[in-house]
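K.L.:
Quick one: the structure is below, questions incoming.
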Amino acid sequence: MKIRTNWMQGVVMVGLLGLLPLSAEAETARWTIDPDHSVIEFRVAHMVVSKTSGRFLDYQGFVEMDADAKTFKTIEATIKAESINTNQDKRDAHLRNTDFLDVNQFPTITYKMKNYQKQGDSYTVVGDLTLRGLTKAVTLNVTFNGVAKDPWGNTRAGFSADGKLNRKDFGMVWNKTLDTGGLVVGDEVQIHLDIECIKAQKTS
């Protein structure tokens, strides 16, 4: 009888422990993009023979993820369209006008994750990109570069991502034909991101 009682007590104890949260259990947290240590850049063919690159300088966003399990819940970013910079003032002014970004009518560009597939530290992320008032699915190939603690006590995570889009899908159809038959501006825009995020501090 005593053996049976001890056995029953053990079963009850195991059951109760199963109801308690594990201290080592991973958690989903919000990680805010640090624009001072991040880059959003693009490249597009110019006159067939070369490529022109540029970047956006003003943006914000966040990632909700479980860094231990390396899983995402949410990825969102907002870019101020007028912050485009290709290191050439005249070209930047053209990119801001109605031929391209039309920043007065559409001041922001947004990206929101819809779903993703994970393979190790690599992810195929599909999200809605809204540009010039048009929303299209854009795929990013993302690499999770890990987590580190900075000297000021912040926990940081790094990501790299590459993708592409067709500018005509977003109403940017301006072009000029060269004497050789090619076009001044290519249709495909290559995207590259280096993103560093800071984990939100827990509040008591």
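Under my numbering, the first residue of the sequence shown carries the number 21, and numbering increases by one thereafter. All C-beta atoms in this analysis are idealised placements derived from N, C-alpha and C, irrespective of residue type, glycine included.
Report the option in R111, V68, L115 whose CA atom is closest to the CA atom of R152.
P.N.:
Comparing Cα positions, the closest option is L115.
K.L.:
On the DSSP letters alone, give me the boundaries of the alpha helix (DSSP H) that D109 sits inside.
P.N.:
Run containing D109: 109-116, per the alpha helix (DSSP H) assignment.
K.L.:
Check for me: the beta strand (DSSP E) holding L149 runs from which residue to which?
P.N.:
Its beta strand (DSSP E) spans residues 142-151.
K.L.:
Please name the residue, chosen from T175, L203, V193, D182, that lies closest to T52 on a Cα-to-Cα basis.
P.N.:
Nearest of T175, L203, V193, D182 to T52, Cα basis: T175.
K.L.:
Report the rounded CA-to-CA distance for Y131 versus E216, giving the unit in angstroms.
P.N.:
Looking at the two C-alpha atoms, the distance is approximately 17 Å.
K.L.:
Can you give me the C-alpha to C-alpha distance between N117 and N124, rounded to a whole angstrom?
P.N.:
About 8 Å.
K.L.:
Go through its chain and collect everything with a Cβ distance to L42's Cβ below 6 Å, but skip five positions before and after it.
P.N.:
The pLDDT assigned to L42 is 38, lower than 50, so where the model puts this residue is not dependable, and the model offers no usable value.
K.L.:
With a threshold of 7 Å on Cβ separation, who are the neighbours of N105 within its own chain once the five nearest residues in sequence on each side are excluded?
P.N.:
So the list reads G74, R75, L77, D112, once near-sequence residues are dropped.
K.L.:
From the DSSP output, in three-state form, read off F126 for me.
P.N.:
It is coil, neither helix nor strand.
K.L.:
Comparing alpha-carbon positions, which option in I60, A49, L149 lies nearest F179?
P.N.:
Taking only the C-alpha atoms, the option nearest F179 is I60.
K.L.:
Short of 7 Å in beta carbon distance, which residues of its chain neighbour D54, apart from the five on each side in sequence? Order them along the chain.
P.N.:
For D54, where only same-chain residues beyond five positions count, the Cβ hits under 7 Å are E216, C217, I218.
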